[in-house]
Each structure stands twice: as structure tokens, then as C-alpha cells.
């Protein structure tokens, strides 16, 4: 069973923890044999729409017989582009070419045109497969239904902990303009000190010569 998932831009002014997605699963542990090769449970992964899902690396493993609650908080991190780092938001030309060629092949596929073309006439021959699912249960499943249900039932609730998005953004301490300004200021300072030192040295030599002439 599931309930509607409330988005962050809901028209409601209230934000309750009960608003979220609730799912229930029955996972028969008796069907997973041997247990050393298989894990009886559920793998849950929360990811953004444009994010590649990696359930084996980033998934959460949930155990049957328990009620799980997953509260997520969304954050957004923006890194500095080149030359501060090697990250990029642009797609390489070779990848664009590969994607374009694949898209052209997909569009030109005769099988897809036959299946999805709106101008095509209905097919004269239609093949459908029959799917059949079954499950192995113990012999005493009916007599000990409560035991097996509590042992194998898994409930998970997914909700949002905070309706705000935390943003982290890298900023350069010195930009190009600030760098050149700092270099120019330091250079001007050293040049000014050098000129003053030369003037003071000339003044000192002038005083010494003037003193010798007077004597």
C-alpha cells in the first residue's frame, strides 16, 4: 500500500512528518536458500532525477520483520570550475557524438517504428506471453500465519526531514581582478620604497660631500 507523496512546493502551510511514502512488503525468508549466497531483505536508494542510481554502493539494506523509517534532507554542492578544480558541467564532443549516433539509430530502428509508429496499421499477428508467479511457503504456513507474517513483513516509511534545500557553494578567495590588483599594489609599494631609498641615499651622499667641502 502507498499514500500520496507530498512535494516541497505544496500549497499547505503545515509540514508534518507523517506526510511521505509508506510501503509494505512481504519477503519470505524461507525462499532464500542458501542464506550465505543471498540476503533476504530490501535495498532502498533515494536519488535525484538526474542522478545515476548505484544501489550496490549507496543503497540502504532493510531487514524483514521490522518497520523502517527513512528521513532525507536535500543539499546541493557547487564546486568551482577550472582553473580551480577539474570539475566541469560541459559534455565532451566525443560523448555528444556517441549520444547523437545512438539517438539516430534508435529513431531509425524498424522494430520501434513498427511498434510505436502512430501512422502504422494494426498488426495482423499479435503475440502475448502469459506470466505466472508462485511462491514457496512452509507446510504450516496457514497454522502459523502470524509467526511468518511478523517475521517476513517489512514496512518502510520515506519522508522529508526539512523542506529547505541546504546549498554549499565554493568561492574563490582571490579572483583574477583581485589578483592583478594585489600584484599591482605590492609592486607599486616596492617601487615606492625603492625610490625613497634611492632618494635618501642620494641625500646622504650629498650631505657627506657637502660636509667634506666645507671642512
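In my numbering, the protein residues as written are 31 to 245.
We put the CB at the ideal spot given by N, CA and C, even for glycine.
As a quick exercise: from the options, pick the residue whose alpha carbon is nearest that of residue i.
i: residue 203; options: 110, 95 and 158; result: 110
i: residue 117; options: 125, 108, 124 and 123; result: 108
i: residue 54; options: 92, 216, 239 and 193; result: 92
i: residue 99; options: 189, 200 and 231; result: 189
i: residue 114; options: 186, 200 and 86; result: 200
i: residue 86; options: 131, 73 and 179; result: 73
i: residue 97; options: 133, 182, 154 and 165; result: 182
Go ahead and label residue i buried or exposed: buried means 16 or more other beta carbons lie within 10 angstroms of its beta carbon, across all protein chains shown.
i: residue 50; result: buried
i: residue 136; result: exposed
i: residue 184; result: buried
i: residue 177; result: exposed
Near residue i, which residues of its chain fall below 6 Å by C-beta distance, leaving aside the five closest residues on each side in sequence?
i: residue 197; result: 106
i: residue 83; result: 75 and 77
i: residue 244; result: none
i: residue 228; result: none
So, with DSSP's three-state summary, where would you put residue i?
i: residue 186; result: strand
i: residue 197; result: strand
i: residue 171; result: coil
i: residue 156; result: coil
i: residue 166; result: coil
Closer than 7 Å by C-beta to residue i: which residues in its own chain qualify, once you throw out the five before and the five after it? Chain order, please.
i: residue 191; result: 101, 102 and 103
i: residue 2; result: Nothing can be reported for residue 2, as the shown portion of the chain is limited to 31 through 245.
i: residue 236; result: none
Can you list, in chain order, the residues of its chain with a C-beta nearer than 8 Å to that of residue i? Leave out the 5 residues immediately preceding and following it.
i: residue 161; result: none
i: residue 180; result: 95
i: residue 232; result: none
*asked:* Which runs of the alpha helix (DSSP H) at least 4 residues long sit entirely within the region 57-138? Give them in chain order.
replied: The alpha helix (DSSP H) runs lying completely inside the region 57-138 and spanning 4 residues or more are 85-88 and 123-137, given in chain order.
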